[in-house]
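Single-structure report; data block below.
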Amino acid sequence: MEALLNYFETIPSHHRAMIIVGGLTFFWLLEGIMPLFGKPYKKWKHALPNIFFTITTILVNLPLAFLLLKSSDWVAENNFGILNWLPEMSLWLYAIIGLFLMDFVGAYLPHLIEHKVKPFWMVHLVHHTDHNVDTTTANRHHPLESVIRYTFTLIGLLSAHPFPWSCYISPCRL
Ligand SMILES: [Zn+2]
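Mapping the sequence shown onto my numbering, position 120 (from 1) lands on 130, and the numbers just tick up by one.
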């Protein structure tokens, strides 16, 4: 367990990039070979605008990820957050609670708000207006969505003080 945590805490950037790009490419190809729905569409033509949105998401996320890393360092140095206030427990339990808090505050909550509050829905609509849903739809986001997600991820980080790896595993995607 500690080796796994250590890997994700010190994961080289090119490993992370390979996992993301490799996973997306693998599933995009798999969908082409074995589509869930029979309706054919031009996968490359469909992918181009979504790749554009992926690039804009990366460009917006890069500086935000740097700020998140600095915030994570500050939280760790100052022993801030809910996990620090809990009684002593096993590493597994810390990991599960940290991941839950990070996922709930950093991913579930902003997604729920984006569906319930109209101005946020107008931003999130970009993701849900894809005519054909495939792997590339996962990164089809308005640039402002990154800012919304970042804000909630930062709140999750400040409130939970989870392990840094939970940022990689949870869908905060920074
Ligand atoms: Zn949604």
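Just so it is clear, CB atoms sit at the ideal spot from N, CA and C, and this is done for glycine as well.
Which whole-angstrom value describes the C-beta separation of H151 and F63, a residue pair presumed to lie in contact below a C-beta threshold of 8 Å?
Translated into positions along the sequence shown, residue 151 becomes position 141. Translated into positions along the sequence shown, residue 63 becomes position 53. Indeed, because the Cβ distance is near 6 Å, the residues count as touching under 8 Å.
Relative to the C-alpha of V115, which residue among T163, G33 and I61 is closest?
Taking the first residue of the sequence shown as 1, we reach residue 115 at position 105. Among T163, G33 and I61, the Cα nearest to that of V115 is on T163.
DSSP state of P50, grouped into three classes?
As a first step, residue 50 must be located in the sequence shown, where it is residue number 40. Of the three classes helix, strand and coil, the one that applies to P50 here is coil, per DSSP.
Among Y160, I61, V127 and I21, whose alpha-carbon lies nearest the alpha-carbon of W38?
Taking the sequence shown and counting its residues from 1, one reaches residue 38 at position 28. For W38, the nearest C-alpha among the options comes from I61.
Taking DSSP as the reference, what is the three-state secondary structure of I179?
Against the sequence shown, residue 179 aligns to sequence position 169. With a pLDDT of 48 at I179, under the threshold of 50, the modelled position of this residue cannot be trusted, and the question is left open.
Kindly examine ligand 1 and report whether one of its heavy atoms sits closer than 8 Å to the Cβ of H138.
Translated into the one-based positions of the sequence shown, residue 138 becomes position 128. Yes, the beta carbon of H138 sits closer than 8 Å to at least one heavy atom of ligand 1.
Judging by CA-CA distance, which residue of W131, T161, S23 and P153 is the nearest neighbour of I65?
For the purposes of this step, residue 65 is taken as the residue at position 55 of the sequence shown. Checking every option, the nearest Cα to that of I65 belongs to P153.
Roughly how many whole angstroms lie between the Cα atoms of V70 and I123?
Indexing the sequence shown from 1 puts residue 70 at position 60. Indexing the sequence shown from 1 puts residue 123 at position 113. Those two C-alpha atoms are separated by around 21 Å.
Report the three-state DSSP secondary structure of N88 (helix, strand or coil).
Counted from its first residue, the sequence shown places residue 88 at position 78. Note: N88 maps to coil in three-state DSSP.
Apart from the five residues on each side of it in sequence, which residues of its chain come closer than 8 Å, Cβ to Cβ, to M28?
Your numbering for residue 28 matches position 18 in the sequence shown. Counting only Cβ-Cβ distances below 8 Å, and skipping sequence neighbours, we find nothing.
How about E124: is its Cβ closer than 8 Å to a heavy atom in ligand 1?
For this step, residue 124 is matched to residue 114 along the sequence shown. Result yes, Cβ under 8 Å from ligand 1.
First and last residue of the alpha helix (DSSP H) that includes N16?
Looking up residue 16 in the sequence shown gives position 6. Its alpha helix (DSSP H) spans residues E12 to E19.
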